[in-house]
Every structure is written in structure tokens, then in C-alpha cells.
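Just below is one structure, and these are the notes that go with it.
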Amino acid sequence: MKLIKHTLVEVRGLKLHVAEIGTGPKVVLFLHGFPEIWYTWRHQMNAVAAAGYRAIAIDFRGYGLSELPAEPEKGNFMDLVNDVVALLDTLGINKVFLIGKDFGSITAYLVAVVHPDRVSGLVSLGIPFMLPGPNCIRNDLMPPGFYITRWQEPGRAEADFGRLDVKTVIRNIYILFSGTEPPTARDDQEIMDLVDPSTPLPPWFSEEDLAAYASLYEKSGFRFALQVPYRSLGIDCGITDPKVTAPTLLINGQKDYLLKFAGVEDFTKSEQLKHFVPDLDNVFLEEGNHFVHENLPKQVNELIINFLNKHCN
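Residue numbering for the sequence shown follows full-length UniProt numbering, starting at 1 and increasing by one per position.
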């Protein structure tokens with residue numbers, strides 16, 4: 001971790017936090033999900049750099065050490081796409097391998113669709129091809145207390161999270177998202193009520209890791225994080241007949257609760273997925289969960305590095 005260098009890079013009027021290790025023309029850009037920040041890629045960055053690649057991880061705008069935009073509630077996924085492309089331009093990087101997790105994968109897919117000339121290959125952790133829009137996540141087919149539905153309601157997550165300190169919020173979300181079922185509350189509960197305070201952290205996520213996450217969210221808060229991804233998921237990005245032409249690897253944890261979202265597992269395992277991503281390899285790791293890159297880092301690193309080496313020109 002000490003070898004990773006940190007800088008602030010001005011991108012489209014905002015200073016974005018950039019973590020980097022390794023050198024050379026072969027570049028890998030890591031895009032985090034929620035409740036993550038750059039630190040979620042600690043295992044992958046070191047492994048990829050050791051394999052001869054330049055590894056870069058960012059905090060998205062409004063996350064961690066990156067600046068909050070002036071009007072966070074107007075944010076959408078295209079803001080992130082434009083940030084990624086502008087960052088590549090600023091750093092003088094022509095083409096890149098994108099590795100995304102959670103909504104970072106959605107951003108990676110969007111970059112690959114809109115700017116195919118900038119993407120050498122794409123690795124998604126847990127998220128089959130999907131773009132923002134009315135059918136991105138079918139909340140209407142999930143129970144009423146489904147966490148995404150709750151967090152999309154203005155003010156509700158703010159009130160729920162606001163009862164607790166930031167560290168406890170991150171702890172609770174990590175515990176909930178490590179489970180096999182989508183977090184769902186009863187009518188008389190909020191999402192934070194689903195975690196017993198005595199529940200231990202997952203064995204692969206230490207108190208030190210939690211402290212690193214918490215320190216960054218204490219700076220940024222959750223204001224932009226609730227907008228992107230959650231409250232902007234249904235905003236249509238205006239793309240018709242999307243295709244990811246870059247070679248793509250989808251790594252799924254078989255115990256990822258996201259597979260229990262309406263239609264997701266069937267779509268992930270269907271031939272229909274290859275209509276959108278023709279050059280696709282799909283791998284399931286039996287013991288992997290929603291944080292497959294953190295709970296099974298050696299297996300994930302091996303898959304990623306083999307993929308990079310296979311498709312590196």
C-alpha cells in the first residue's frame with residue numbers, strides 16, 4: 001500500500017483523487033462501486049502492477065477525496081463517463097483496460113459503448129451488461145422494502161444513515177451486502193435496522209479496512225453516492241442498440257445477493273447477454289459474494305491478469 005501514490009487531478013472543473021502504482025503503456029483503470037472508494041482495489045492494484053501494468057484507481061466525483069460537484073442532486077452516470085474520458089485525456093492515455101464493480105461496471109459499460117476506441121478490454125465484477133434507464137433494476141418486481149427502492153426516496157436514507165456515525169453505516173452496509181439475499185426491510189424498519197450491532201465484520205474485511213473506508217466517507221458523506229448510483233439509475237442515457245465490442249470478462253460470485261434481483265441471474269446466464277457483449281467470457285466463483293474481489297482476491301487477480309495478458313496488444 002505504501003508504494004501506491006496519490007494525487008489530485010483536475011477533471012472537468014473538479015479535483016478527482018487518483019491512486020496509482022506501476023508504470024508503462026499498458027494501463028488498467030479501476031472503477032469502484034458503493035459503498036466503496038479507490039481502496040476497494042488494494043489487492044488488485046498491487047497484483048496488476050506486479051504483472052507489468054500501470055494500475056490507476058479513482059474516487060468518483062463526490063466520493064472519498066474527490067470534490068463534490070456544485071449540484072450533487074443533478075448528477076447522473078454520464079457525468080462519470082465524461083470524467084473517465086477527460087481523465088484519460090489529461091493523463092495522456094489513449095486506450096485502457098477498464099475494471100468495474102457494481103455501478104462502476106455500469107460506468108465501464110457506458111464508456112465502452114460511447115467511446116469504444118478508448119477501451120482495450122473490460123472486466124466487470126458481478127454486474128451483467130446494463131445501462132441506466134427505466135428497466136435497469138426492476139424495483140416493481142421486488143418487495144416494497146427493497147433497499148434500492150428505499151434509498152431512491154428523497155430524504156429517507158439520509159434520515160436512516162443520520163442516526164449513526166459514518167463508520168457504523170459503512171460497517172452495516174458491508175455486512176448486509178456480504179449476504180446472499182437483497183437487503184429488504186419491513187414496513188416498521190429502516191435498512192440500517194437490519195444489522196444487529198453485535199454482528200462481526202466479514203473475515204476478509206478488517207477493522208483497518210473499515211477505518212480506511214470510514215475516513216474517506218467522513219470527508220465526502222453520502223450526498224452524491226445516493227444520487228449516483230441510486231437516484232439516477234432510472235434516468236435514460238439515450239443510447240439505442242448498445243454494443244460493447246471490446247473483449248469482456250464477467251466475474252460473478254455465486255453467493256452475490258445481486259443474482260436474486262428480479263431477472264438478473266437468468267439474464268447473466270443467458271445467450272441474450274451476448275447480443276450486447278458479443279466477445280464475453282463469464283465465470284462464476286462458487287464462494288464469491290458481492291465483494292468477490294475482496295473476499296477471493298487471489299482467484300480474482302488470477303482471472304484478471306490472465307485476461308489482461310490475453311488481450312494486451
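Where is the CB? At the ideal position from N, CA and C, for every residue including glycine.
For this session: Please go through the same chain and pick out, in chain order, the residues whose beta-carbon is closer than 6 Å to the beta-carbon of Asp281, but skip the five residues on each side of it.
Result: Position 281 of the sequence shown, counted from the first residue, corresponds to residue 281. If you ignore the 5 residues before and after Asp281, its C-beta comes within less than 6 Å of the C-beta of Leu249, all in its own chain and listed in chain order.
Exercise. With respect to the alpha helix (DSSP H) encompassing Gly162, which residues constitute its N-terminal and C-terminal limits?
Worked result: Here residue 162 refers to the residue found at position 162 when the sequence shown is read from its first residue. Residues 156-162.
For this session: Ignore the nearest five residues each way along the sequence and tell me which others in Gln254's own chain have a CB closer than 7 Å to its CB.
Result: Counting from one through the sequence shown, the residue named residue 254 turns up at place 254. These residues qualify, in order along the chain: Phe284, Leu285, Glu286, Gly288.
For this session: From the DSSP output, in three-state form, read off Ile93 for me.
Result: Walking along the sequence shown from the start, residue 93 turns up at place 93. Reduced to three states, the DSSP call for Ile93 is coil.
Exercise. Hey, would you say Pro183 sits closer than 9 Å to Ile191, going by beta carbons?
Worked result: What you label residue 183 is simply residue 183 of the sequence shown in a count that begins at 1. What you label residue 191 is simply residue 191 of the sequence shown in a count that begins at 1. In this structure, the beta-carbon distance from Pro183 to Ile191 falls below 9 Å.
Exercise. At a cut of 8 Å, does the region 256-270 reach the region 216-228 through at least three beta carbon pairs?
Worked result: The region 256-270 vs the region 216-228: no contact.
Exercise. For His293, which of helix, strand or coil comes out of DSSP?
Worked result: In the sequence shown, counting from the first residue as 1, residue 293 sits at position 293. The answer is helix: DSSP assigns His293 an H, G or I state.
Exercise. Under the three-state reduction of DSSP, which class applies to Gly104: helix, strand or coil?
Worked result: For the purposes of this step, residue 104 is taken as the residue at position 104 of the sequence shown. Under the three-state reduction of DSSP output, Gly104 falls in the helix class.
For this session: Compute the Euclidean distance between the alpha carbons of Ala185 and Phe291, then round it to the nearest angstrom.
Result: Sequence index remark: in the sequence shown, residue 185 carries index 185 (1-based). Sequence index remark: in the sequence shown, residue 291 carries index 291 (1-based). Taking the CA atoms as reference points, Ala185 sits about 22 Å from Phe291.
Problem set entry | Range covered by the alpha helix (DSSP H) that runs through Glu218 | Residue 218 sits at position 218 when you count from the first residue of the sequence shown. Boundaries of the alpha helix (DSSP H) harbouring Glu218: 207-220, taken from the DSSP string.
Exercise. Is it the case that the Cβ atoms of Pro197 and Thr168 are separated by a distance below 9 Å?
Worked result: For the purposes of this step, residue 197 is taken as residue 197 along the sequence shown, with counting starting at 1. For the purposes of this step, residue 168 is taken as residue 168 along the sequence shown, with counting starting at 1. Using a Cβ distance threshold of 9 Å, Pro197 and Thr168 count as a contacting pair.
Exercise. Distance, Cα to Cα, Leu303 vs Ile99?
Worked result: What you label residue 303 is simply residue 303 of the sequence shown in a count that begins at 1. What you label residue 99 is simply residue 99 of the sequence shown in a count that begins at 1. Going by the C-alpha atoms only, they are around 12 Å apart.
Problem set entry | Which listed residue (Glu294, Ile37, Leu176) has its alpha carbon closest to that of Gly64 | Taking the first residue of the sequence shown as position 1, residue 64 is located at position 64. Of Glu294, Ile37, Leu176, the residue nearest in Cα terms is Ile37.
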